[in-house]
Amino acid sequence: MWFGSRITDFVSLHRPSLLFSSSIRFKIKGKASTSSLSFSKPKDSLLYEDCSEFLPWLQQKAGVEISSFLSVGTSTYGRSLFASRFIQAGDCILKVPYSVQIAPDNIHPDIGFFLSDDVANVARLALVVLAEQKMGQDSEWAHYINSLPRIGELHSTIFWSEDELEMVRQSAIYQETLAHKAFIEKEFFKVIPVLEQFPQKFEDTTLESFMHAYALVGSRAWGTSKGLSLIPFADFLNHDGVSETVLLSDEGKQISEAIADRDYDSGDQVFISYGKFSNTTLLLDFGFTLPCNIHDQVEIWMCVPQHDPLHTMKVELLHQHFMPTIKEFDSSQNSFIIREVRSARGKGRGIPQSLRAFARVLSATSLQELKDLATEAAQSDGRLARCPLKDRNKEIEAHRLLLSEITLMIQEYDTSIKSLEYMNSHTTNSRFALRRQMARDLLTGELRVLVDTWIITLLYKRFVGFYIKGKARVKKNGRWEGQV
Ligand SMILES: C[S@@+](CC[C@H](N)C(=O)[O-])C[C@H]1O[C@@H](n2cnc3c(N)ncnc32)[C@H](O)[C@@H]1O
Numbered sequence: 001m002w003f004g005s006r007i008t009d010f011v012s013l014h015r016p017s018l019l020f021s022s023s024i025r026f027k028i029k030g031k032a033s034t035s036s037l038s039f040s041k042p043k044d045s046l047l048y049e050d051c052s053e054f055l056p057w058l059q060q061k062a063g064v065e066i067s068s069f070l071s072v073g074t075s076t077y078g079r080s081l082f083a084s085r086f087i088q089a090g091d092c093i094l095k096v097p098y099s100v101q102i103a104p105d106n107i108h109p110d111i112g113f114f115l116s117d118d119v120a121n122v123a124r125l126a127l128v129v130l131a132e133q134k135m136g137q138d139s140e141w142a143h144y145i146n147s148l149p150r151i152g153e154l155h156s157t158i159f160w161s162e163d164e165l166e167m168v169r170q171s172a173i174y175q176e177t178l179a180h181k182a183f184i185e186k187e188f189f190k191v192i193p194v195l196e197q198f199p200q201k202f203e204d205t206t207l208e209s210f211m212h213a214y215a216l217v218g219s220r221a222w223g224t225s226k227g228l229s230l231i232p233f234a235d236f237l238n239h240d241g242v243s244e245t246v247l248l249s250d251e252g253k254q255i256s257e258a259i260a261d262r263d264y265d266s267g268d269q270v271f272i273s274y275g276k277f278s279n280t281t282l283l284l285d286f287g288f289t290l291p292c293n294i295h296d297q298v299e300i301w302m303c304v305p306q307h308d309p310l311h312t313m314k315v316e317l318l319h320q321h322f323m324p325t326i327k328e329f330d331s332s333q334n335s336f337i338i339r340e341v342r343s344a345r346g347k348g349r350g351i352p353q354s355l356r357a358f359a360r361v362l363s364a365t366s367l368q369e370l371k372d373l374a375t376e377a378a379q380s381d382g383r384l385a386r387c388p389l390k391d392r393n394k395e396i397e398a399h400r401l402l403l404s405e406i407t408l409m410i411q412e413y414d415t416s417i418k419s420l421e422y423m424n425s426h427t428t429n430s431r432f433a434l435r436r437q438m439a440r441d442l443l444t445g446e447l448r449v450l451v452d453t454w455i456i457t458l459l460y461k462r463f464v465g466f467y468i469k470g471k472a473r474v475k476k477n478g479r480w481e482g483q484v
C-alpha cells in the first residue's frame, strides 16, 4: 500500500543500536495474521489526564492545524493519542510541520562548535533535550519537554539493575545491553568537554541524566529525511505490532504525517508501527515488550569444540568462507538469528542456511570431507555447505548436532522462565513486577521460536532418514534386502 506519490520518504522510530545507518526505512507490507492481537483498550480502562493544552500550544507554535482527529490522553502505555471523532482508514490523522520538530541542528551553534564530528546524532539530540530541560519554564519547548518521561520512568534494559538483568541472561539482550551501555558511556565521555565548557546549561548533567536523555531520544526520535528528529505530538503514538500506519515525511511540504490504516471509533486509542521489531529490540530500545510478538527471534551460538581433532581446519575453513566470527568471545564461535516460522508448511524464516552450513562443517569427521566441502563451494557460488550433504548419514548427523544444541537451549530457557515464577512472587515493587513480566514475555517468545525450530529440525532429520531407507533397500529376487 502506498499513500500518494507526493510522499517522499518513510520515517521510522530511530533504533539506537542502528546508530550508523542514517536512514532506516520500513515498507508497508501485507497485514500480519494476528487478529487476536488487539491493542485498543476498552474506553473505560483509559486513564484520561488533562493533556488538553498540549495540542493548542503546538498548533499555535506551528501556526497551522496539526490534527482535528486526535487528542492527547494517558493509557497504560503512558501518554497516548485517542480518536476525538470517528476516523476512517485512509484519513490523514496528523500533520506536524518540520518547524516544530527538534533536530540536532537545534543545538546552539556555540555548543555545536565544540562537538567533535564523531558524536552521533542521538547524543547531539540528547544534549538539546538536556539544555532545554535546564531552561525549565523559560524553554520555548517547555510544554513538550515537561511531558516526557522522567528519570526512573524508562524501562529499557540499560536501566535495569544487575539482579533485574540476571532475569534475561539467557537471551542475547543481556550482552546487547552491556554493549549498548558501554557505547552510551563512550558518547558521554566524548561530550564531557562540551558539558564543562557550558556549565550554565549542563552543570547538573551526570552519566545517569545523559543516559536518560539518550534513551528518550532513542525511544521517540524519528529518522526523517532531514535527519533524526523529535516530533512532538506524533511521538505520543504508541506501537502496535500489526499496525500498518507509519510516519511519512513530505519534504516538499516540510511536514511529517500519518495516515490511518483502519477505522477508529471516537475514544479509541490510535496506534502506529515503530517497525517490525522483536521483543529484544522493543525492550532494549523502547523499554517495553509485546506479550505475543509475531517478530520474535532468538540468537543461537554454535562453536567448534576445542576437543574436535579437526578444530583448527574447521575454523580455518569457516573463516575462508566468510562466516562471521565473534572475536571477543572465541574465534570458533558463531551466532545465528532464528526467526519464527509462520505456517505449517514452513513458510517464513526457519533455520538460517548459514546455521545448517555450520552444522554440516561441524559434523565432518575427516580431512577429506572438509576438502570436499571446500571443492563444492569453489565449484558453486563460493558459499560453504549450502546444499544437503551427499552422504545422508552425515546430513542426519549435522541435524542431530543442531537438535541437541536447540534441546539444550530449550531446557535452559524453560529453567529461566520457571525461576521467574518463583522470584519474589509477592513483590510489592511494581517496577520490578513490570520488568519481570517483560523478561517473561521476552524469554517465552524466544522459547516459542526455539520449539518451532526444534520441530522443523526434527522433521527434516526424519525426512532425510526415510530417504536413506528408501535408497538403501534393494529388491533382489522378489525380496527386500539391505538397511531398513
Ligand atoms: C514514542 S513514545 C510513545 C508515547 C509514550 N507512551 C509517552 O508516554 O510519551 C514510546 C514509548 O511509549 C511506550 N509504548 C509504546 N508502545 C507501547 C506498547 N505497545 N506497550 C507498552 N508501552 C508502549 C514505551 O514506553 C515507549 O518507550
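Read in order, the letters of the sequence shown correspond to residues 1 to 484 in the UniProt record's numbering.
The beta-carbon is built from N, C-alpha and C at its ideal position, and this holds for glycine as well.
These numbers were taken from a predicted model, which means no experiment stands behind them.
| Asked | Found |
| --- | --- |
| Complete alpha helix (DSSP H) runs within the stretch 104-189 (minimum length 4 residues, chain order) | 109-114, 121-135, 142-145, 162-166 |
| Anticipated Cβ contact below 8 Å, I337 with I351, distance rounded | The Cβ separation is near 11 Å, so there is no contact. |
| Boundaries (first-last residue) of the beta strand (DSSP E) holding Q297 | 297-303 |
| Pairwise C-alpha distance: H311 and S99 | 60 Å |
| Complete alpha helix (DSSP H) runs within the stretch 366-438 (minimum length 4 residues, chain order) | 367-379, 392-422 |
| Start-end ranges of the beta strand (DSSP E) lying completely within the stretch 213-278, minimum 3 residues | 221-224, 227-230, 247-250, 255-259 |
| Where the beta strand (DSSP E) through A83 begins and ends | 78-83 |
| Residue(s) in a DSSP beta bridge with V96 | S256 |
| Whole-number beta carbon distance between T74 and S80, since they are thought to touch under 8 Å | 6 Å |
| Check: G90 C-beta below 7 Å from any heavy atom of ligand 3 | As far as ligands go, the structure on display features ligand 1 and does not contain ligand 3. |
| Endpoints, alpha helix (DSSP H) assigned at V64 | V64 -> no alpha helix (DSSP H), and no H or E assigned at all. |
| Residue span of the alpha helix (DSSP H) that contains A357, given as start and end | 353-362 |
| Own chain, CB closer than 8 Å to I455, minus 5 neighbours either side, in chain order | none |
| Within 8 Å, strictly: CB atoms of S243 and F271 | yes |
| Reduced DSSP category for I192 - H, G, I as helix; E, B as strand; rest coil | helix |
| For F336, the three-state DSSP class (helix, strand or coil) | strand |
| Nonlocal neighbours in the same chain, by C-beta distance under 6 Å from V464, ignoring five residues either side | R392, E395, I396 |
| heavy atom of ligand 1 below 7 Å from S219 C-beta | yes |
| Euclidean distance between Cα positions of L154 and L55 | 24 Å |
| Sheet register partners of I87 (DSSP bridge) | Y264 |
| Identity of the residues DSSP links to T74 by a beta bridge | R79 |
| Helix, strand or coil at I294 according to DSSP, with G and I counted as helix | coil |
| Candidates E187, D91, L402, L373, of which the one nearest E316 by Cα | L373 |
| Beta-carbon proximity check, I151 vs Q133, cutoff 8 Å | no |
| Through-space distance from W141 to D204, alpha-carbon basis | 19 Å |
| Sequence-distant residues of the same chain with beta carbon closer than 8 Å to S266, five excluded per side | A83, S84, R85, F86 |
| Proximity below 8 Å, CB of G90 to CB of I259 | yes |
| CA-to-CA distance, Y214 to L447, given in whole angstroms | 31 Å |
| Paired residues, beta bridge with I102 - DSSP | L230 |
| When A123, I184, R462, G445 are compared against D414, the one with the closest alpha-carbon | G445 |
| Residue of L370, Q306, L284, V449 minimising C-alpha distance to I406 | V449 |
| L247 to R124 span [Cα, whole Å] | 22 Å |
| beta-carbon S363 near ligand 1 non-hydrogen atom, thresh 7 Å | no |
| The stretch 287-298 / the stretch 185-192 touching (three or more Cβ pairs under 8 Å) | no |
| Distance between beta carbons of P149 and Q254, contact taken as under 8 Å | So it is not a contact: roughly 28 Å between Cβ atoms. |
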